[in-house]
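Residue numbers (the numbering used here): 3 to 248. Don't be surprised by glycine CBs; every beta carbon is placed ideally from N, CA and C. In what follows, a single structure is set out as C-alpha cells and then discussed.
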C-alpha cells in the first residue's frame, strides 16, 4: 500500500509539472493564415516557393507578441508576413535608409508596424527586441560605410547586439559565395561567404545558435551575379541564427 501511494504521488506530481509546462509554453503563430493575408501582392505570393517564408519564420522562432527589428526591408515582402505573425500584441520596426512607397502604404494599414528612416549603422528602436532580422542584405552592408567611414555591417552587428534582449535572435540570410571568396564579391556578384558573416557577427558578441540548409541550391555554382536570369530566386543561400548570450 505504501508503495502504491508513493507511485500515485509521483504520477500526480508528473501530471502537475506537465500541466505547468503546457501553460508556460509560448504561443505559435498561425503562419498559414499569415500567408493568405489579402494585403500580400501577387508578386510576393509568387516568390513564396523560393523564399520558404513559413519555414524561415519557424526557424527564427517568430511568435505572436514578439518585437522584431527588420533591417533593409526593401519592398516589404517579409514585413507583411512578420507584422501578421507577431499580431496586434507585437511590433515590427522596419529600418532602412530610405522608405519605399509600398512600405509607407503598409504602415498605414498595420498599426503594429513602425517604419523608420535611420542613419546608416543604427537600429533606432524604442524598446529591446526579440529578433533582429535581415535577408539578402548583409553583402550590401559590406558595400557601404557609416557616416564616420566605418564598416557598415560591423556597425549594424554591434547595434543588433545592443537592440536585442538577452537571449534574442539575430537572423541573417544571404547569397553564398564560392569557398575562399570571402567578401570579395559583395559589389560584383552580390555574394558573400558565410564564414565571413559568422566571424564578424561573433566578434560583436553573438554565438552561432544554428544554421539551416533550408535555402541551399546545390545547382548554383556561385559564379553568376544573383540578379541574372536563370539564377534569380534560385541562388544558394545560407541561413544563420545567432543568439545574444543571456
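Using beta-carbon positions only, say whether residue 240 and residue 196 come within less than 8 Å of one another.
yes
Got a sec: is the Cβ-Cβ distance from residue 49 to anything in chain B below 8 Å?
No chain B appears in the structure shown, which is made up of a single protein chain.
For residue 111, collect the residues of the same chain with a Cβ closer than 7 Å to its Cβ; drop the 5 residues on either side in sequence, then sort them by chain order.
41
May I have the straight-line CA-CA distance separating residue 124 from residue 118, to the nearest angstrom?
11 Å
Do residue 67 and residue 86 have their beta-carbon atoms positioned less than 8 Å apart in this structure?
no
For residue 50 and residue 37, believed in contact at Cβ under 8 Å, the rounded distance:
7 Å
Nearest CA to the CA of residue 209: which residue from 173, 188, 235 and 39?
173
For the candidate residues 79, 113, 55 and 168, whose alpha-carbon lies nearest to that of residue 133?
168
Other residues of its chain near residue 70: CB distance less than 8 Å, five sequence neighbours each side excluded:
64, 84, 88, 92, 93, 94, 95, 131, 132, 133, 134 and 135
What separation, rounded to the nearest whole angstrom, lies between the Cα atoms of residue 214 and residue 156?
23 Å
Below 8 Å CB to CB, which residues in the same chain sit around residue 29 once its five sequence neighbours on both sides are set aside?
In this prediction, residue 29 scores a pLDDT of 48, lower than 50, which makes its location untrustworthy; the coordinate-derived value is nonetheless stated afterwards. Here the set comprises 65, 66 and 67.
Do residue 192 and residue 141 have their CB atoms nearer than 8 Å?
yes
Going residue by residue through the segment 51-108, where are the continuous alpha helix (DSSP H) segments of at least 4 residues, counting only ones entirely within it?
55-62 and 79-88
So, for residue 78: in the same chain, excluding its five sequence neighbours on each side, which residues have a beta-carbon less than 6 Å away from its beta-carbon?
104, 105 and 108
Sheet register partners of residue 116 (DSSP bridge)
95
Which value, in whole angstroms, describes the spacing of the CA atoms of residue 171 and residue 99?
22 Å
Nearest-angstrom beta carbon gap, residue 143 and residue 154 [assumed within contact, 8 Å]:
5 Å
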